[in-house]
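Peer 1:
Residue numbers (the numbering used here), protein chains in the order written: chain A, 5 to 134; chain B, 204 to 434.
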């Protein structure tokens, strides 16, 4: 998994978001055991306490659970994973809409731009087919 | 018990006040960045902690002990400049560390050296600067110490070596020990740290956790440092 960090948010919050993406995208499949805190921290290049904090919060949300001696596991609850996916998607949409708003586009403009974009893509696909 | 405590710690060199009334407490399990511009007192503080200097005023305790023979046994120190004997081979260096330090984990050191493909027979003086820094850090991190004092561990090495050094520090993390890293390369170490201590002209200007700074000030520690120490 590729870890990337920006400068404007707490590191633990960024870790939570990236682990969620890992779970939603299947890098960490449902029911699978997560690597240890130390291994995850080394891989992400972050402080082990910060990684611990991120995992504890994910645990509180129910996306991961720990078994006393065996370690931490990804939930098998698909509804919960779907909800996390939806939450991440909504976050991206909010960021996108805010950026478009700054450019001066209203909601309707954004929708029509998206439609145009889709048409463009479909036409390009047509080219490939020929 | 706190690993390192300083109370009203001051150090004066002639007319220069290198440290002025420093109060710091470092708890076990923390990785702390000692951050400040050149000449701010970082190295002085580290040298006081390992007994290379004595305080002019105030006190410093390591695991409750004044710096001395007993405290040396639980402090692992990486000096700013390479201090390992360059005529030695890697094997001789391992023997040397094993003789000196009861807490030296030789197998851990050998494993890390093998991972870097450093041949046991190679002499330190035949190594590049980056490799020497790596070897020295491996020696320092291979001790099961209570306090690791790393003075500029990533200064003057390439970014890949920097990453290696930082991941070695993370990989050897011990919840019962504390790590102090002095540096001015903040962007590189920020993610590795629990807490930061900003020090300037011998005074502590700020002591906070990295995520606390990011949450409250909405900026990275690096950005905050640039703001606080703007020239």
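Every residue, glycine too, gets a C-beta built ideally from N, C-alpha and C.
1. Is there at least one Cβ from chain B nearer than 8 Å to residue 46(A)'s Cβ?
2. Tell me which residues of the stretch 64 to 90 of chain A have at least one Cβ-Cβ distance to chain B shorter than 9 Å, keeping chain order.
3. Can you tell me whether residue 216(B) is buried or exposed? The criterion is at least 16 other CB atoms within 10 Å of its CB, across all chains shown.
4. Do we get a CB-CB distance below 8 Å when we pair residue 422(B) with the residues of chain A?
5. Let me know if residue 297(B) comes out buried or exposed under the rule of 16 or more other beta-carbons within 10 Å of its beta-carbon.
6. Determine the direct distance from the alpha carbon of residue 70(A) to that of residue 356(B), and round the result to whole angstroms.
7. What are the partner residues of residue 280(B), as DSSP defines its beta bridges?
8. Using a cut-off of 7 Å between C-beta atoms, extract the partners of residue 360(B) located in chain A.
9. Taking the CB atoms as reference points, tell me whether residue 252(B) and residue 265(B) lie closer together than 8 Å.
10. Using the beta-carbon of each residue, which ones in chain B are nearer than 8 Å to residue 12(A)?
11. According to DSSP, simplified to helix, strand and coil, what is residue 408(B)?
12. Can you look up residue 216(B) in the DSSP assignment and give me helix, strand or coil?
13. In whole angstroms, what is the alpha-carbon distance linking residue 17(A) and residue 328(B)?
14. If I measure Cβ to Cβ from residue 30(A) and keep anything under 6 Å in the same chain, skipping five residues before and after, which residues do I get?
15. Here's the rule I'm using: 16 or more other beta-carbon atoms within 10 Å means buried, otherwise exposed. How should residue 245(B) be labelled?
16. Checking the sheet assignment: what are the DSSP bridge partners for residue 228(B)?
Peer 2: Based on what the coordinates show:
1. yes
2. none
3. exposed
4. yes
5. buried
6. 36 Å
7. 352(B)
8. Going along chain A, no residue has its Cβ under 7 Å from residue 360(B), so there is no contact; the nearest lies around 16 Å.
9. yes
10. 417, 421, 422 and 423
11. strand
12. strand
13. 45 Å
14. none
15. buried
16. 208(B)
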